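Undergrad: Encoded as structure tokens, here's the structure I'll be asking about.
In our numbering, the protein residues as written are 97 to 496.
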């Protein structure tokens, strides 16, 4: 359904005082199905997405089995269509089984019903420079993009938190910023060499922002994302040893938080992506070293962006529409999403109340998992309604 279509019915939503945004697009979501339905399913993940104002989510490939064939990506795509809470665009693995040894069936996934255009081994880095070069060359044939999880594996063996004075104080193995920055530097040069598109997942350090800024100044076709948690939280939270704050890449320093906010504000960082990473509580309610990396974030993302970027004057709501809808849709080639709110455009719309306040309760989520780092925090704003192609998926904050 398009905006401006002639409708008959008695469904009216009072949008007085609300902000209307194009339906949000998340380029980085973990839906866990197939294989880890104890943590999330396509249904529950897209319900969480709808409650967060998202109408399209890109599902990462680190499922069980890995989404490295046309069959698996089509399964995920069809599940999204069946459930109808958000359009699900599968991301294909770059390498078979995420093993980093040989390229997956990129062309077959691109030609499948799912029409995959984004490929990533997220959770693992494509650390082999020759493989990365081949992947970048391969996807040029169908206007694809490689989304790199920038983590040099040798520099991060056993790493548990951001490397710095605090990691030494806490006795946790440090995760140096250079492990992220070295891969980004290598990959922007590879992308320039082969003339391909590169996307940097969950950028988290000041040095990473500076490298991407430099690459863009050279005309290299690189885009980058930051997560809501890296916009708000810093490594001081790790003092609690609470694994709810354990994430990959790790929470960084206060200076890094300022740098990624500046990078998002000036356009160096193109998008906000949630990296929604659900885990069952037994994977989080344990000692720090044994805990899984990751946080859920679909239902809180817009509030975090409001708090860190809008309420601080760093972004307008028009720019929020760019970094959370138009830009991710463009990068992922989701052509019916990220469109302006205009007559004749697809009716993907979110209505948001920026004046509301809410205290985050872990149990108040559509996700199967409860691993939110914001429990007990008061956050601004709430999604009042979400419409997918004109059909309400959320009304008055409740799933339909």
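Beta carbons: idealized from backbone N, C-alpha and C, even for Gly.
These figures come from a predicted structure and were not determined experimentally.
What residue range is occupied by the uninterrupted alpha helix (DSSP H) comprising residue 140?
TA: Note, residue 140: alpha helix (DSSP H), 138-147.
Undergrad: Cutting at 7 Å between CB atoms, please list the residues of its own chain near residue 397, excluding the five before and the five after it.
TA: These residues qualify, in order along the chain: 148, 324, 368, 370.
Undergrad: Could you tell me the alpha carbon to alpha carbon distance between residue 461 and residue 291, rounded to whole angstroms?
TA: About 42 Å.
Undergrad: What does the Cβ neighbour count give for residue 293, buried or exposed, with the cut at 16 atoms within 10 Å?
TA: The residue is buried, with at least 16 neighbouring Cβ atoms inside 10 Å.
Undergrad: What's the gap between the Cα of residue 348 and the Cα of residue 456?
TA: Going by the C-alpha atoms only, they are around 23 Å apart.
Undergrad: From 188, 482, 342, pick the residue whose C-alpha is nearest to that of residue 469; which is it?
TA: For residue 469, the nearest C-alpha among the options comes from 342.
Undergrad: Just to confirm before moving on: does the CB-CB distance between residue 245 and residue 219 stay below 8 Å?
TA: In this structure, residue 219 lies closer than 8 Å to residue 245 by Cβ.
Undergrad: Which runs of the beta strand (DSSP E) fall wholly inside the stretch 373-461 and span at least 3 residues, in chain order?
TA: Runs found: 445-455.
Undergrad: Ignoring anything shorter than 4 residues, give me the alpha helix (DSSP H) runs that lie fully in the stretch 311-364, in order along the chain.
TA: You should have 324-328, 350-362.
Undergrad: Spell out the partners DSSP gives residue 295 in its beta bridges.
TA: DSSP lists 243, 319 as partners of residue 295.
Undergrad: If we require 4 or more residues per run, which alpha helix (DSSP H) segments fall completely within the stretch 117-186?
TA: 138-147, 166-179, all fully within the stretch 117-186.
Undergrad: Can residue 486 and residue 443 be called in contact, C-beta distance under 8 Å?
TA: For residue 486 and residue 443, yes; Cβs fall inside 8 Å.
Undergrad: Please state if the CB of residue 356 and the CB of residue 318 are separated by a distance shorter than 8 Å.
TA: No; because the gap between Cβ atoms is not below 8 Å, this pair is not in contact.
Undergrad: Using a threshold of 8 Å, state whether the C-beta atoms of residue 546 and residue 277 are closer than that.
TA: Residue 546 falls outside the range modelled here, since the chain spans only 97 to 496, and no answer is possible.
Undergrad: Suppose only complete runs of 4+ residues qualify. What are the alpha helix (DSSP H) ranges in the stretch 251-301, listed by chain order?
TA: You should have 261-266, 273-290.
Undergrad: Taking the straight line between their C-alpha atoms, what separation do you get for residue 481 and residue 110?
TA: For residue 481 and residue 110, the distance between alpha carbons rounds to 10 Å.
Undergrad: Rounded to the nearest angstrom, what separates residue 128 and residue 212 at their Cα positions?
TA: Each residue's Cα considered, the two are about 18 Å apart.
Undergrad: Could you give the DSSP three-state label for residue 81: helix, strand or coil?
TA: Outside the shown range of the chain, which is 97 to 496, sits residue 81, and nothing can be said about it.
Undergrad: Report the partner residues of residue 487 according to the DSSP bridge assignment.
TA: Paired residue(s): 484.
Undergrad: Put residue 196 into one of helix, strand or coil per three-state DSSP.
TA: Here residue 196 sits in coil by DSSP.
Undergrad: Taking the C-alpha atoms as reference points, what is the distance between residue 413 and residue 400?
TA: So the two alpha carbons sit approximately 13 Å from each other.
Undergrad: So residue 116 packs on residue 447, CB below 8 Å; how close in whole Å?
TA: That pair is a contact at about 6 Å.
Undergrad: So, with DSSP's three-state summary, where would you put residue 474?
TA: Here residue 474 sits in strand by DSSP.
Undergrad: Straight-line CA distance for residue 430 to residue 153?
TA: The straight-line gap from Cα to Cα measures roughly 10 Å.
Undergrad: Which stretch, first to last residue, makes up the alpha helix (DSSP H) that contains residue 230?
TA: Note, residue 230: alpha helix (DSSP H), 225-235.
Undergrad: Which class does residue 368 belong to by DSSP, given the choice of helix, strand or coil?
TA: Three-state result, residue 368: strand.
Undergrad: Determine the extent of the alpha helix (DSSP H) in which residue 207 is found, giving its start and end residues.
TA: Here the alpha helix (DSSP H) through residue 207 covers 202-207.
Undergrad: Helix, strand or coil for residue 308, going by three-state DSSP, please let me know.
TA: In this structure, residue 308 counts as helix in the three-state DSSP scheme.
Undergrad: With 16 as the cutoff for other CB atoms within 10 Å, does residue 289 come out buried or exposed?
TA: By the 10 Å Cβ count, residue 289 comes out exposed.
Undergrad: Below 8 Å on the Cβ atoms is my contact criterion, and I expect residue 141 with residue 125 to pass it. Report the Cβ-Cβ distance as a whole number of Å.
TA: So it is a contact: roughly 7 Å between Cβ atoms.
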